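Q: Residue 360 in this note's numbering sits at position 65 of the sequence shown, and the numbers go up by one each step. The beta carbon of each residue, even a glycine, is placed where N, CA and C say it ideally should be. Values in this document were obtained by computation on a predicted structure and should not be read as measured data.
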Amino acid sequence: MLPPKVKLEANEKKELNTIIINQPDMLEDITNIRDMLEQQTGMFISGPNVIRACIKAWYDLNNNG
């Protein structure tokens, strides 16, 4: 069930609680990255954890360098 739509005032930001990915190219990229991470770590990696790892890597690269 999707959360109810909320009208935002100008320049107001909404907290992101849910994300749905339907684009085949993005899903394929997530699957390929997951396969690489699983090979490197030897552990099962879920799709959301792949996205989390990618965001963390981007953040670390752009904010701690």
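I need the straight-line Cα distance from Glu-307 to Ile-314, nearest angstrom please.
A: Looking up residue 307 in the sequence shown gives position 12. Looking up residue 314 in the sequence shown gives position 19. Roughly 19 Å separates the two Cα atoms.
Q: Between Met-338, Ile-350, Lys-309 and Gly-342, which lies nearest to Asn-317 when the distance is taken from Cα to Cα?
A: Position 22 of the sequence shown, counted from the start, is the residue given in the question as residue 317. Taking only the C-alpha atoms, the option nearest Asn-317 is Gly-342.
Q: With distances taken Cα to Cα, identify the nearest neighbour of Asp-324 among Asn-357, Val-345, Glu-310 and Asn-359.
A: The count along the sequence shown starts at 1 and reaches residue 324 at position 29. Per the Cα distances, Val-345.
Q: What does a CB cutoff of less than 7 Å around Ala-348 pick up in its chain, not counting 5 residues either side in sequence?
A: Position 53 of the sequence shown, counted from the start, is the residue given in the question as residue 348. Same-chain partners within the cutoff: Leu-332.
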